[in-house]
Amino acid sequence: MRWAIIENQRVINVTLARSALAANWVIADDAVCIGDGYRNGQFDYQRPPQRLVPVVLTGVSGAGLVANKSDFSLITVRQGQTVTVTGTLAIPDQGFNLPVRRAAGGYELFRVEVVDGAFAVDLNFATSDAYLVTDAELNKDLPEAQFSLAPTVSIDVLRQID
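So, in structure tokens, the structure goes:
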């Protein structure tokens with residue numbers, strides 16, 4: 015049987031045993047974790063809010079840039095032209111793929127390299143469309159959400175006419 019050991023209305027340990035070995039042992043279901051509350055015979059499963067690492071955009075540049083809002087919530091670029099988005103991300107040096115959602119469906123993937131807490135990602139869209147980057151895209155392939163992005167970034171790609 016699974017038991018939670020309670021002290022000061024808090025679960026301090028979870029163990030398996032045939033029977034309670036002390037008065038502060040309470041039968042626990044599989045959801046009970048160390049740190050959960052226990053009051054009036056009920057477990058409080060509320061977990062502390064997860065701290066997400068903020069993605070902070072600091073700049074957009076490049077020949078393909080048409081315009082952008084100062085908070086980077088809207089970036090307008092030309093089809094087939096490269097723009098570079100820079101920012102900071104407080105994680106160890108690493109690379110990962112950034113999924114950018116296309117309004118017409120599907121994703122475009124771009125490689126991001128984080129070095130010393132800073133990143134630059136080159137964006138180049140072959141198709142004129144509206145694109146979006148939200149918390150959901152940043153965390154799409156992760157087992158648990160790790161990153162936050164505020165505000166959501168909309169990218170309008172204007173058709174290139176030669």
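Under this note's numbering, the letters of the sequence shown match residues 15 to 176, in that order.
Don't be surprised by glycine CBs; every beta carbon is placed ideally from N, CA and C.
From a predicted model like this one, the values you see are computed outputs, not experimental measurements.
Range covered by the alpha helix (DSSP H) that runs through residue i
i, result
"residue 151", "149-152"
Beta-carbon gap between residue i and residue j smaller than 8 Å
i, j, result
"residue 114", "residue 147", "yes"
"residue 52", "residue 20", "yes"
"residue 182", "residue 78", "Past the edges of the chain, shown from 15 to 176, lies residue 182, and the structure says nothing about it."
"residue 143", "residue 171", "yes"
"residue 152", "residue 133", "no"
"residue 149", "residue 130", "no"
"residue 18", "residue 37", "no"
"residue 24", "residue 49", "yes"
"residue 145", "residue 175", "no"
Continuous beta strand (DSSP E) stretch holding residue i: start and end
i, result
"residue 127", "121-129"
"residue 162", "161-163"
"residue 77", "It is not in any beta strand (DSSP E) - residue 77 carries neither H nor E in the DSSP assignment."
"residue 139", "Careful: residue 139 lies outside any beta strand (DSSP E) and carries neither H nor E."
"residue 100", "96-103"
"residue 22", "From DSSP, residue 22 is part of no beta strand (DSSP E); its letter is neither H nor E."
"residue 176", "Where residue 176 is concerned, there is no enclosing beta strand (DSSP E), given that its DSSP letter is neither H nor E."
"residue 113", "108-116"
"residue 88", "88-92"
"residue 84", "Taken as a continuous stretch (DSSP letters only), residue 84 belongs to no beta strand (DSSP E), as it is neither H nor E."
"residue 172", "167-172"
Expected contact under 8 Å - CB spacing of residue i and residue j to nearest Å
i, j, result
"residue 135", "residue 99", "5 Å"
"residue 35", "residue 15", "The Cβ separation is near 12 Å, so there is no contact."
"residue 66", "residue 161", "6 Å"
Near the ligand NAD: residue i beta-carbon under 7 Å from a heavy atom
i, result
"residue 64", "Absent from the structure shown: the ligand NAD. Ligands present: none."
key: Three-pair Cβ contact test at 8 Å for the segment 87-95 versus the segment 127-139   = yes
task = Would you check if there are 3 or more beta carbon pairs closer than 8 Å linking the segment 160-168 to the segment 72-87?
result = yes
key: Runs of beta strand (DSSP E) wholly within the segment 37-77 (minimum 3 residues, chain order)   = 39-41, 51-53, 56-58, 67-75
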